[in-house]
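Protein chains: 2
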Amino acid sequence: MLMDEPPRERADAARNRLKVLAAAAKLFRDKGVDGVSMDAVAAAAGVGKGTLFRRFGDKSGLAVALLDERERELQAGILSGPPPLGPGAPAAERLAAFTDAYLDYVLGHLDLVRMSETASPGARYRIGAYRFWRRHVAILLAELRPGCDADPLAHAVLASLAAEQVTALVAEYGEERARKAIHALVPGWADPAGSRG
Amino acid sequence: MLMDEPPRERADAARNRLKVLAAAAKLFRDKGVDGVSMDAVAAAAGVGKGTLFRRFGDKSGLAVALLDERERELQAGILSGPPPLGPGAPAAERLAAFTDAYLDYVLGHLDLVRMSETASPGARYRIGAYRFWRRHVAILLAELRPGCDADPLAHAVLASLAAEQVTALVAEYGEERARKAIHALVPGWADPAGSRG
DNA sequence: CACAGAAACGGACTATAGTCCAGTTAGCTT
DNA sequence: AAGCTAACTGGACTATAGTCCGTTTCTGTG
Numbered sequence: 001m002l003m004d005e006p007p008r009e010r011a012d013a014a015r016n017r018l019k020v021l022a023a024a025a026k027l028f029r030d031k032g033v034d035g036v037s038m039d040a041v042a043a044a045a046g047v048g049k050g051t052l053f054r055r056f057g058d059k060s061g062l063a064v065a066l067l068d069e070r071e072r073e074l075q076a077g078i079l080s081g082p083p084p085l086g087p088g089a090p091a092a093e094r095l096a097a098f099t100d101a102y103l104d105y106v107l108g109h110l111d112l113v114r115m116s117e118t119a120s121p122g123a124r125y126r127i128g129a130y131r132f133w134r135r136h137v138a139i140l141l142a143e144l145r146p147g148c149d150a151d152p153l154a155h156a157v158l159a160s161l162a163a164e165q166v167t168a169l170v171a172e173y174g175e176e177r178a179r180k181a182i183h184a185l186v187p188g189w190a191d192p193a194g195s196r197g
Numbered sequence: 001m002l003m004d005e006p007p008r009e010r011a012d013a014a015r016n017r018l019k020v021l022a023a024a025a026k027l028f029r030d031k032g033v034d035g036v037s038m039d040a041v042a043a044a045a046g047v048g049k050g051t052l053f054r055r056f057g058d059k060s061g062l063a064v065a066l067l068d069e070r071e072r073e074l075q076a077g078i079l080s081g082p083p084p085l086g087p088g089a090p091a092a093e094r095l096a097a098f099t100d101a102y103l104d105y106v107l108g109h110l111d112l113v114r115m116s117e118t119a120s121p122g123a124r125y126r127i128g129a130y131r132f133w134r135r136h137v138a139i140l141l142a143e144l145r146p147g148c149d150a151d152p153l154a155h156a157v158l159a160s161l162a163a164e165q166v167t168a169l170v171a172e173y174g175e176e177r178a179r180k181a182i183h184a185l186v187p188g189w190a191d192p193a194g195s196r197g
């Protein structure tokens, strides 16, 4: 018997959800994430503002919904993909691979990720996916540096991967140097002498 | 001969600047930074909104003006105070001391610093003082890890000290563990085996 | 002191995120 | 199939950041 089964989404709600996501994706593509207001999204989707906000909570929720698929891909790669991103490789290599893959993800959707992280104060840390990244990094750190306080440390490590941070870094130094710097910091910190264990 | 001498501030402008700063400081103290609108500041100071924005640019500019004195103290300590914060100590110790002192500064004015950094996108990196902290850290990193790309690296290192980041860390783990985690990351990265030459 | 030009003033105005609630509709129940 | 209820809808409403520009005030000059 299925208890607590979440009530199925109503047909009109599903229809509107898809209309909103399609309209938002198109508008963001055409005018850039920063040039599109929530009113514009609602109008283009042909729904009211109330519907838009009821469904996605706020601007950051809309961004998260649009990023959902890409996030899942990355999560799947971490949980069950081939090493070194997936299980099987030494922790140091997995951390480096995660940093790489996460940077690919952020740089591939910079404006959208930034919106998802900055639309409201502290939004970044409340996104479900953030918990996932943090947990993954914490597990790797605990393995690399036994005895360290891995959870808050993972938080601090992830700071350099925040979209706002990456945006500034890339704008000033270009993608190449930005990637290298973050790489030197994150996996370099956890395993300063290279894989030796 | 003095060229380009900036025109002296007009008397009415100076008067209003002081009125605004006093009113803003009092309001922020009484109601918290997040509970005060720019309209409220203007009304309490007895000036128009136009005056407020002309003078301070935006909310983050107002925060910066209020933090100015504390920032200068920290900068003075770095440039000419006693070691290890000031010149004279080894780079590793100076970096640790800077991290400590900067955390004192941020934690002492958390809401105000956060507002100065997040009022507009990328505000943090445009603040004059940020350039100073980054340059200081870059110089120390270059000394500790010769050959590294110190400027972007300093950027990435400072990410863990962003007010938004510190706020989340402290809220979840408390000040003690948050401080230790950041300490483990920043100076620990630059000098993983302790000061050894 | 009177004047003129520059600088500052201030409040009405715009744009936008997010809330609210009266009306509508889907989908279960009988 | 009819009715009931909970969920959904949408647009008017609020709050707030930031802009604009006609008016006022300052300050240097004759």
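Chains as they are written, first to last, in the UniProt record's numbering: chain H, 1 to 197; chain Z, 1 to 197. Think of the CB as a built atom: it goes at the ideal place given N, C-alpha and C, for glycine as much as any other residue. Bear in mind that the values here come from a model prediction, so they are computed numbers and not experimental data.
Report task. Helix, strand or coil for A119 of chain Z, going by three-state DSSP, please let me know. Result -> Translated into positions along the second sequence, residue 119 of chain Z becomes position 119. In this structure, A119 of chain Z counts as coil in the three-state DSSP scheme.
Query raised in the report: Just the Cα atoms here: how many angstroms apart are I78 of chain H and F98 of chain H?
Result: Start at 1 with the first residue of the first sequence, and residue 78 of chain H comes out as number 78. Start at 1 with the first residue of the first sequence, and residue 98 of chain H comes out as number 98. In this structure, the CA atom of I78 of chain H is about 8 Å from the CA atom of F98 of chain H.
Requested in this report: State the Cα-Cα distance for the pair S74 of chain Z and F56 of chain H, rounded to the nearest angstrom.
Outcome: Working through the second sequence from its first residue, we reach residue 74 of chain Z at position 74. Working through the first sequence from its first residue, we reach residue 56 of chain H at position 56. Residue 74 of chain Z is actually Leu in this sequence, not Ser. Separation of L74 of chain Z and F56 of chain H (C-alpha to C-alpha, rounded to the nearest whole angstrom) is 43 Å.
Report task. For my contact list, residue 203 of chain H and D111 of chain H are in at a C-beta cut-off of 8 Å; report their separation, rounded to the angstrom. Result -> In this structure chain H extends from 1 to 197, so residue 203 of chain H is not present and cannot be described.
Query - Backbone CA spacing between A44 of chain H and V20 of chain H [nearest angstrom] - result: Locating residue 44 of chain H in the first sequence gives position 44, counting from the first residue. Locating residue 20 of chain H in the first sequence gives position 20, counting from the first residue. Computed Cα separation, rounded: 8 Å.
Report task. Using the Cα positions of A101 of chain Z and T51 of chain H, report the straight-line distance between them to the nearest angstrom. Result -> Looking up residue 101 of chain Z in the second sequence gives position 101. Looking up residue 51 of chain H in the first sequence gives position 51. So the alpha carbons of these two residues sit roughly 48 Å apart.
Query raised in the report: Would you call the CB atoms of A154 of chain Z and K59 of chain Z closer than 9 Å?
Result: Residue mapping note: residue 154 of chain Z aligns to position 154 of the second sequence, counting from 1. Residue mapping note: residue 59 of chain Z aligns to position 59 of the second sequence, counting from 1. Contact flag unset, no.
Report task. Counting only the same chain and skipping the five closest in sequence on each side, list residues whose C-beta sits under 6 Å from that of P84 of chain Z. Result -> Numbered from its first residue, the second sequence carries residue 84 of chain Z at position 84. Only E93, R94 and A97 meet the Cβ criterion.
Query raised in the report: Out of curiosity, what's the CA-to-CA distance linking G86 of chain Z and G188 of chain Z?
Result: Locating residue 86 of chain Z in the second sequence gives position 86, counting from the first residue. Locating residue 188 of chain Z in the second sequence gives position 188, counting from the first residue. Rounded to the nearest angstrom, the two C-alpha atoms are 19 Å apart.
Query raised in the report: Does DSSP put P87 of chain Z in a helix, in a strand, or in coil?
Result: Looking up residue 87 of chain Z in the second sequence gives position 87. Here P87 of chain Z carries a strand assignment [DSSP, helix/strand/coil].
Query raised in the report: Do A91 of chain Z and E143 of chain Z have their C-beta atoms within less than 9 Å of each other?
Result: Mapped onto the second sequence, residue 91 of chain Z falls at position 91. Mapped onto the second sequence, residue 143 of chain Z falls at position 143. Yes; because the gap between Cβ atoms is below 9 Å, this pair is in contact.
Query raised in the report: Which of helix, strand or coil does DSSP assign to residue 201 of chain H?
Result: An answer regarding residue 201 of chain H cannot be provided, because it is not within the stretch 1 to 197 covered by chain H.
Requested in this report: Could you work out which residue in Z:E9, Z:R10, Z:A63 and Z:A14 is closest to K26 of chain Z when comparing CA atoms only?
Outcome: Taking the first residue of the second sequence as position 1, residue 26 of chain Z is located at position 26. That would be Z:A63, whose Cα lies nearest to the Cα of K26 of chain Z.
Requested in this report: Just the C-alpha distance for D68 of chain Z and R8 of chain H, rounded to the nearest angstrom, thanks.
Outcome: For the purposes of this step, residue 68 of chain Z is taken as the residue at position 68 of the second sequence. For the purposes of this step, residue 8 of chain H is taken as the residue at position 8 of the first sequence. Roughly 55 Å separates the two Cα atoms.
Query raised in the report: If the cut is a Cβ gap below 7 Å, which residues of chain H does residue 201 of chain Z touch?
Result: Residue 201 of chain Z lies beyond the range of chain Z shown here (1 to 197); nothing can be said about it.
Query raised in the report: What three-state label does DSSP hand R114 of chain Z in the structure shown?
Result: As a position in the second sequence, residue 114 of chain Z is number 114, starting the count at 1. R114 of chain Z falls in the helix class under three-state DSSP.
Query - Cα-Cα separation between L185 of chain Z and G61 of chain Z, rounded to whole angstroms - result: Counted from its first residue, the second sequence places residue 185 of chain Z at position 185. Counted from its first residue, the second sequence places residue 61 of chain Z at position 61. Spanning the two alpha carbons is a distance of roughly 30 Å.
Query raised in the report: Under the rule that 16 or more other beta-carbon atoms within 10 Å means buried, what is L18 of chain Z, buried or exposed?
Result: Position 18 of the second sequence holds residue 18 of chain Z. Burial call: exposed.
Report task. Output the residue ranges of the beta strand (DSSP E) runs that lie fully inside the UniProt domain "HTH tetR-type" (14-74) of chain Z and measure 3 residues or longer, sorted by chain position. Result -> none
Report task. With 7 Å as the limit, tell me which residues of the region 118-144 of chain Z have their beta carbon closer than that to any beta carbon of chain H; keep them in chain order. Result -> T118, P121, G122 and Y125
Query raised in the report: Buried or exposed: which applies to S116 of chain H, given that a residue is buried once 16 or more other Cβ atoms fall within 10 Å of its Cβ?
Result: One-based indexing of the first sequence puts residue 116 of chain H at position 116. Label assigned to S116 of chain H: buried.
Query - Where S160 of chain H meets chain Z, residues with beta-carbon distance less than 8 Å - result: Position 160 of the first sequence holds residue 160 of chain H. Residues of chain Z whose Cβ lies closer than 8 Å to the Cβ of S160 of chain H are, in chain order, A156, V157, A159 and S160.
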